[in-house]
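**Q** Numbering (our numbering), first residue to last: 653 to 955. No residue lacks a Cβ here, since even glycine has one placed at the ideal position from N, Cα and C. Here the structure is a predicted model, which is why all the values come from computation and not from measurement. Have a look at the structure that comes next, please.
Structure, rendered in structure tokens:
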């Protein structure tokens, strides 16, 4: 199979589902760029899959099950926050995780101490310096998991599981461990798709988009990196604001953004009913509470 031809076929399917030409062009650039790193891709997948339980803790919400018996989530706002409305909007794109983790929703600071953020970055992301943090942020911007997600989506739409395995071997897996990881995520995707359609969280002909899975982590890592002292205020806000325009182009509403993030989490970590219930409760609070940035700021401001 020719990877570039496959990309074009896939992008044409997105166009048929109604995605804008602008969003498709952005996607094409990301996918073609990722193909240039295909040799390193497999080793990266193995590295990240080995640490996935840790990889999605403090700054990805994977510790939600441990906190499921905690008090109901609240809208936490920093009364001393100084962000502009546009900066608050960008920070709010990571609110699915921030509300689960008990962080401020309206400021650059998370509200956690420097020491706590340093320990969490070290423990869960193996980040102990500015260089390691910026390397991770660069990876999330350039590749992240969204390209792998789209290839797994293509594999899911092949005729048989045999063809799916062959497809994943060609584009993702270079050894047995990576093949098993990719197939697990393929199964997770099928299960999540069935569940989300059954609960009418997504329409029958809709593919949840993966951009927010990577960009939410960029936003939360940038905030944590600022609190840890690895990034200046200007550097952290630059990373966060860089996420805003692609997110605004890709999604139509705060709810679509949130559902897409939650779906992607199910693909990468499997379906956990307790976590899913908690995340959806957080989403509903963010969509309804008058103090929520999702209520305060329109997803697509007029004018």
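Can you tell me whether residue 891 is helix, strand or coil according to DSSP?
**A** Here residue 891 sits in helix by DSSP.
**Q** Is residue 855 helix, strand or coil by DSSP?
**A** Reduced to three states, the DSSP call for residue 855 is coil.
**Q** Output needed for residue 879: all residues of its chain with C-beta closer than 7 Å, excluding positions within five of it in sequence on either side, in chain order.
**A** Once the five neighbours on either side are set aside, the close Cβ partners of residue 879 are 761, 762, 764, 766 and 769.
**Q** What do you get for residue 778, buried or exposed, if any count of 16 or more other CB atoms within 10 angstroms of its CB means buried?
**A** When all chains shown are included, residue 778 counts as exposed.
**Q** Secondary structure at residue 705, three-state DSSP: helix, strand or coil?
**A** In this predicted model, residue 705 has a pLDDT of only 38, less than 50, meaning its place in the structure is not dependable; the value taken from the coordinates is given anyway. Looking at residue 705 - three-state DSSP - the assignment turns out to be helix.
**Q** With DSSP run on the structure shown, which of helix, strand or coil describes residue 729?
**A** Three-state result, residue 729: coil.
**Q** Go ahead and label residue 860 buried or exposed: buried means 16 or more other beta carbons lie within 10 angstroms of its beta carbon, across all protein chains shown.
**A** Buried, because 16 or more other Cβ atoms sit within 10 Å of the Cβ of residue 860.
**Q** In chain order, what residues of the same chain have a beta carbon less than 7 Å from the beta carbon of residue 677, not counting five sequence neighbours either side?
**A** So no residue of the chain qualifies.
**Q** Alpha carbons only, please: which of 748, 784, 733 and 774 is nearest the one belonging to residue 869?
**A** Measuring from the Cα of residue 869, the nearest candidate turns out to be 748.
**Q** With burial defined as no fewer than 16 other Cβ atoms inside 10 Å of the residue's Cβ, what is the status of residue 877: buried or exposed?
**A** Counting Cβ neighbours within 10 Å, residue 877 comes out buried, since at least 16 surround it.
**Q** Does the Cβ of residue 952 have 16 or more other Cβ atoms within 10 Å, making it buried, or fewer, making it exposed?
**A** Exposed.
**Q** Go through its chain and collect everything with a Cβ distance to residue 771's Cβ below 8 Å, but skip five positions before and after it.
**A** Nothing meets the Cβ criterion.
**Q** Confirm the yes/no value for this check: CB of residue 898, any heavy atom of the ligand SAM, distance under 7 Å.
**A** Ligands in the displayed structure: none, and consequently the ligand SAM is not present.
**Q** Based on Cα-Cα distance, which residue from 808, 848, 853 and 858 lies nearest to residue 834?
**A** The shortest C-alpha separation from residue 834 is found at 808.
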